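Heads up: the sequence shown is residues 1 to 311, going by UniProt numbering.
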Amino acid sequence: MSWFKVDDGFYAHPKVMGLSDGALSLWTLAGTWCAHQLTDGVVPHAALSMHRGTPERAQELVEAGLWELHPKGHKFHDWEQYQPTKEQVEAEREAAKERMKAARAKRKAAKPVRENTEDGSRDVPENTEDGSEDVRANTDRTSGEVRLTPTRPDPSLSTDVDNSSTSPSAQCSPAELRAEFAAFWTVYPRKSGKAKAEKAFERARRKTTVEAMTEAAGRYRDDPNREAGFTKEAATWLNQECWNDPPLPPRFERTSAKPPPGPLDGYGAGVKSQIGWEMLSPTPDPQAVAMAEAAGYKPPSNGHRLREVGA
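In structure tokens form, the structure reads like this:
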């Protein structure tokens, strides 16, 4: 879990005083989402609706100096100065993971030994000192077994917890997951198989970010080479990890060109066939000969009569 920090004087800041309720709500919800997704303050266009925002509310934040324009959408002003970056959070999580690994190894090494007493036998640790150190280390949050409730948004308190083994969907509430899928579904071009798509979306969320899926769906929707009749269902697109795919190849040019007409095309198939047979006969029917000559037809020398006359 990462923190999105808000100063206790935020309510009275000059940049905030003239903002609408909608802009304030968008700023707050988008900030928590950026901290959770580790986007370093970037809010893509596709994510605005997820945070109950509109382009007008986003522009309001830009004009107030709280947001900046970004190639992918918008970005929090001076995010790196006031909020932990993705690089910092991941480094702290990795350090916490190593501390947990060392603490578990130390506990495993402190195997109990059998000690005889007058009353019988009992198990005691080989190294009482190490055991006490384990307790102190655990209290200091070197593992996730002890969770202290922080009283202020200090990222160092939360990043010591081993989140590396927890999937993104496990960190997301059902309401958040529904909102994220709704944003994706709004962008995806084919609206069929929604129930299957929602399950596939939850699975895909463990492999990549919501931002990556939503932006790729937008590119797929806007690809000039995509054909509606061949557009994949969202579940198929997600299961095949198509957010990693390059743009579609150019379409082949379709032509309706037909082969040039044959000399007997003015006759029906049966008549053409009969003329062909007659012209190959040693004693052809005079009427067939007259019809063939009138059409400029000459019998083939190789015997493939039907192919040439088109029968």
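Idealized CB from N, CA, C, for every residue including glycine. Please read all numbers here as calculations on a predicted model, not as lab measurements.
- The bridge partners DSSP lists for W67 are F76.
- Note that the stretch 61-76 does not touch the stretch 95-110; fewer than 3 beta-carbon pairs, one per stretch, sit closer than 8 Å.
- G22 has its alpha-carbon roughly 18 Å from the corresponding atom of C34.
- A contact is defined here as three or more CB-CB pairs under 8 Å, and the stretch 230-239 meets this definition with respect to the stretch 182-198.
- Measuring C-alpha to C-alpha distances from L177 to each of A290, Q37 and S2 identifies Q37 as the nearest.
- Taking C-beta atoms as the reference points, W3 and D40 fail to come closer than 8 Å.
- Cβ neighbours of Q274 within its own chain (closer than 8 Å, five residues either side excluded): A288.
- By the neighbour-count criterion, in which 16 or more other beta carbons inside 10 Å mark a residue as buried, E94 falls on the exposed side.
- Here T209 has Q37 as same chain residues with Cβ atoms under 7 Å from its own Cβ, once five neighbours each way along the sequence are excluded.
- P247 carries a coil assignment under DSSP once its states are collapsed to helix, strand and coil.
- DSSP places V187 in the uninterrupted alpha helix (DSSP H) bounded by P174 to V187.
- A distance of 8 Å or more separates the beta carbons of M50 and A228.
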